[in-house]
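In my numbering, the protein residues as written are 3 to 108.
Heads up, the beta-carbon is just placed ideally off N, CA and C, and yes, glycines get one too.
Quantities reported herein were computed from a predicted structural model and do not represent experimental measurements.
The structure appears below as structure tokens.
What follows is the structure, encoded as structure tokens:
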């Protein structure tokens with residue numbers, strides 16, 4: 003199995019993604035990568051699965067994936083608990099004026 007990794011800290015430019023995906027069997031991407039018909043056509047018929055490290059999948063052309071019988075993996079619900087916990091923490095901090103109290107103690 004060969005793995006190709008984009009090692010830069012910036013998102014891969016769309017044109018470069020289109021050229022590098024040729025011949026790949028799978029793709030693991032980020033929310034910044036727009037996976038559209040152009041990308042899928044460039045990949046070729048052997049592309050079987052794509053996955054994203056995000057809760058949403060708005061950056062995928064779902065019709066194009068379905069027409070090519072390409073499976074999509076994503077992470078629904080992974081942030082639900084953390085979001086709820088943060089909301090409760092912010093409500094408590096605000097209602098109890100925790101930030102102001104901490105600043106007064108310094």
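- The beta carbons of residue 55 and residue 82 sit no closer together than 8 Å.
- Rounded to whole angstroms, residue 107 and residue 87 show a C-alpha spacing of 26 Å.
- In this structure residue 45 does not touch residue 75 by the C-beta definition: roughly 16 Å separates them, more than the 8 Å allowed.
- One Cα belongs to residue 29, the other to residue 99, and the distance between them is close to 47 Å.
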